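Chemist: One structure coming up, written as structure tokens, with questions to follow.
Number of protein chains: 2
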Amino acid sequence: MKSRLTIGKLAEAAGVGVETIRFYHRSGLLPEPERPLSGYREYTDGDRRRIRFIKRAQTLGFNLDDVAGLLKLDGPQMCSVTHDLALEKLHVVKEKIDALVAIRDALQQMVRQCERKHTRGTCPIIQSLVQE
Amino acid sequence: MKSRLTIGKLAEAAGVGVETIRFYHRSGLLPEPERPLSGYREYTDGDRRRIRFIKRAQTLGFNLDDVAGLLKLDGPQMCSVTHDLALEKLHVVKEKIDALVAIRDALQQMVRQCERKHTRGTCPIIQSLVQE
DNA sequence: GTAATCTCCGTACATGGGTACGGAGTCAAG
DNA sequence: CTTGACTCCGTACCCATGTACGGAGATTAC
Chain A
5 MKSRLTIGKL AEAAGVGVET IRFYHRSGLL PEPERPLSGY REYTDGDRRR IRFIKRAQTL
65 GFNLDDVAGL LKLDGPQMCS VTHDLALEKL HVVKEKIDAL VAIRDALQQM VRQCERKHTR
125 GTCPIIQSLV QE
Chain B
5 MKSRLTIGKL AEAAGVGVET IRFYHRSGLL PEPERPLSGY REYTDGDRRR IRFIKRAQTL
65 GFNLDDVAGL LKLDGPQMCS VTHDLALEKL HVVKEKIDAL VAIRDALQQM VRQCERKHTR
125 GTCPIIQSLV QE
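Sequence lines, in order, name chains A and B.
Residue numbers for the first sequence follow our numbering, beginning at 5 and rising by one.
Residue numbers for the second sequence follow our numbering, beginning at 5 and rising by one.
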């Protein structure tokens with residue numbers, strides 16, 4: 005599907021605002037497309053996929069700098085050249101998971117404690133945050 | 005321990021910056037203390053514990069608005085509110101973990117693929133993020 | 001053909017969570 | 001008593017990630 009998109013159509017298709025797309029151009033995350041007629045930017049479905057990628061990666065806790073790095077991992081000669089970068093990303097992801105698992109366990113314990121014995125004057129969750 | 009603390013001592017004891025404490029005053033997270041002599045604020049250990057509470061809650065994914073809410077809820081009947089808030093955070097954290105685990109696996113697979121063979125083509129994680 | 005909508009551009013503003021600045025007053029060590 | 005460190009205050013600024021504004025020109029729908 006080689007649909008030609010104006011910026012508004014692209015924004016709608018990708019689920020972002022028009023201004024966000026312009027912002028991504030300014031930030032170098034999305035290349036400026038051709039402007040054949042009238043100076044209006046003309047996008048392709050690849051641009052839509054690129055924006056979806058950015059948004060997906062963002063929900064995983066990558067910031068836009070990270071995303072720029074991930075986007076450079078793509079391309080034909082990724083293997084030996086960017087292998088180290090990929091490993092580094094893997095390490096970052098693992099650390100994020102560890103941190104989140106610790107948070108999850110702490111929250112889970114607090115919630116369970118709260119459910120078992122919430123009879124006394126103060127909430128166990130508050131108590132656990134207050135101690136030390 | 006009735007130690008009287010100046011703002012600098014409190015900041016050090018609580019592991020934050022002086023400006024952060026003033027910021028918490030402005031934000032209503034920490035009440036203004038007495039100023040008996042010379043106009044300098046005089047803090048107690050309770051203030052230190054309150055700041056530790058804020059910082060600990062932040063690491064669990066609560067933002068300062070959440071924390072303000074938590075600080076107001078210290079009563080038996082309010083425990084359910086706290087509980088619900090914690091449960092909601094727990095849910096968000098679990099979702100983030102699931103997403104990151106998927107990414108970790110994809111990255112791991114990509115790295116292994118890179119190491120096994122000098123393959124070309126687009127990176128699997130890009131593909132997995134881009135799908136749809 | 002006219003009106004509504006879209007796009008262009010640069011720039012300014014928004015938000016969360018702080019940080020930094022600067023001049024004046026105060027406290028504590030030597 | 002002097003010197004240096006601390007505190008006061010208001011205000012401005014920082015970063016990341018967008019959002020909004022506003023006037024001029026292009027396109028599309030009826």
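Note that CB positions come from ideal geometry on N, CA and C, so glycine has one too.
Small disclaimer: the values here were computed from a predicted structure and weren't measured.
B/Y47 bridges to which residues according to DSSP?
Modeler: The residue labelled residue 47 of chain B in the question sits at position 43 within the second sequence. DSSP, once it has assigned bridges, lists B/L9 as partnering B/Y47.
Chemist: When the Cα atoms are used, what is the spatial distance from A/C118 to B/C83?
Modeler: Taking the first residue of the first sequence as position 1, residue 118 of chain A is located at position 114. Taking the first residue of the second sequence as position 1, residue 83 of chain B is located at position 79. Each residue's Cα considered, the two are about 8 angstroms apart.
Chemist: If you follow the alpha helix (DSSP H) that B/R39 is in, where does it begin and where does it stop?
Modeler: Translated into the one-based positions of the second sequence, residue 39 of chain B becomes position 35. Here B/R39 belongs to no alpha helix (DSSP H), and DSSP marks it neither H nor E.
Chemist: What in chain A is Cβ-close to B/K93, meaning under 7 angstroms?
Modeler: As a position in the second sequence, residue 93 of chain B is number 89, starting the count at 1. Going along chain A in sequence order, the residues near B/K93 (Cβ under 7 angstroms) are L111.
Chemist: How should B/R54 be labelled, buried or exposed, when 16 other C-beta atoms within 10 angstroms of its C-beta is the threshold for buried?
Modeler: Within the second sequence, residue 54 of chain B is the residue found at index 50, counting from 1. B/R54 is buried by the Cβ-count criterion.
Chemist: Kindly indicate which residue of B/A90, B/H29 and B/I25 has the alpha-carbon position closest to the one of A/A4.
Modeler: Residue 4 of chain A falls outside the range modelled here, since chain A spans only 5 to 136, and no answer is possible.
Chemist: So the candidates are B/F57, B/L41, B/H87 and B/P37; which of them puts its Cα closest to the Cα of A/Q112?
Modeler: On the first sequence, position 108 is the one that residue 112 of chain A refers to. When each option's Cα is compared against that of A/Q112, the closest is B/H87.
Chemist: Using the beta-carbon count (16 or more within 10 Å), is A/L52 buried or exposed?
Modeler: Within the first sequence, the letter at position 48 stands for residue 52 of chain A. According to the sequence provided, residue 52 of chain A is Arg. The question's Leu does not apply to it. When all chains shown are included, A/R52 counts as buried.
Chemist: Quick check on B/K100 - is its C-beta less than 7 angstroms from some C-beta in chain A?
Modeler: On the second sequence, residue 100 of chain B is found 96 positions in, with the first residue counted as 1. Closer than 7 angstroms: yes.
Chemist: Give the DSSP-derived three-state secondary structure of B/S31 in the structure shown.
Modeler: In the second sequence, the residue the question calls residue 31 of chain B occupies position 27. Reduced to three states, the DSSP call for B/S31 is helix.
Chemist: Give the interface partners of A/H87 over in chain B, defined as CB-CB distance under 8 angstroms, in chain order.
Modeler: On the first sequence, residue 87 of chain A is found 83 positions in, with the first residue counted as 1. Residues of chain B passing the Cβ test: V115, C118 and E119.
Chemist: By how many angstroms is the C-alpha of B/K93 removed from the C-alpha of B/F66?
Modeler: In the second sequence, counting from the first residue as 1, residue 66 of chain B sits at position 62. In the second sequence, counting from the first residue as 1, residue 93 of chain B sits at position 89. Roughly 8 angstroms between the two C-alpha positions.
Chemist: Note down, in chain order, each residue of its chain lying with its Cβ closer than 7 angstroms to the Cβ of B/E22, except the 5 sequence neighbours on either side.
Modeler: Mapped onto the second sequence, residue 22 of chain B falls at position 18. In the sequence as displayed, the identity of residue 22 of chain B is Val instead of Glu. The residues are I11, G12 and A15.
Chemist: I'd like to check one pair, A/L9 with A/Y47: are the Cβ atoms closer than 7 angstroms?
Modeler: In the first sequence, residue 47 of chain A corresponds to position 43, counting from 1. In the first sequence, residue 9 of chain A corresponds to position 5, counting from 1. Cβ distance < 7 angstroms, so A/Y47 and A/L9 count as in contact.
Chemist: B/A103 and A/L77 - do their beta-carbons sit closer together than 7 angstroms?
Modeler: Position 73 of the first sequence, counted from the first residue, corresponds to residue 77 of chain A. Position 99 of the second sequence, counted from the first residue, corresponds to residue 103 of chain B. Cβ distance not < 7 angstroms, so A/L77 and B/A103 don't count as in contact.
Chemist: Within the same chain, show all residues whose beta-carbon is closer than 8 angstroms to that of A/Q62, passing over the 5 residues directly before and after it, in chain order.
Modeler: Looking up residue 62 of chain A in the first sequence gives position 58. Within the same chain, A/Q62 has close Cβ partners L68 and V71.
Chemist: List the residues of chain A whose Cβ lies closer than 8 angstroms to the Cβ of B/V20, in chain order.
Modeler: Walking along the second sequence from the start, residue 20 of chain B turns up at place 16. Within chain A, no residue comes near B/V20; the closest Cβ sits about 15 angstroms away, beyond 8 angstroms.
Chemist: Is there at least one Cβ from chain A nearer than 7 angstroms to B/V97's Cβ?
Modeler: Locating residue 97 of chain B in the second sequence gives position 93, where the first residue counts as 1. B/V97 counts as touching chain A.
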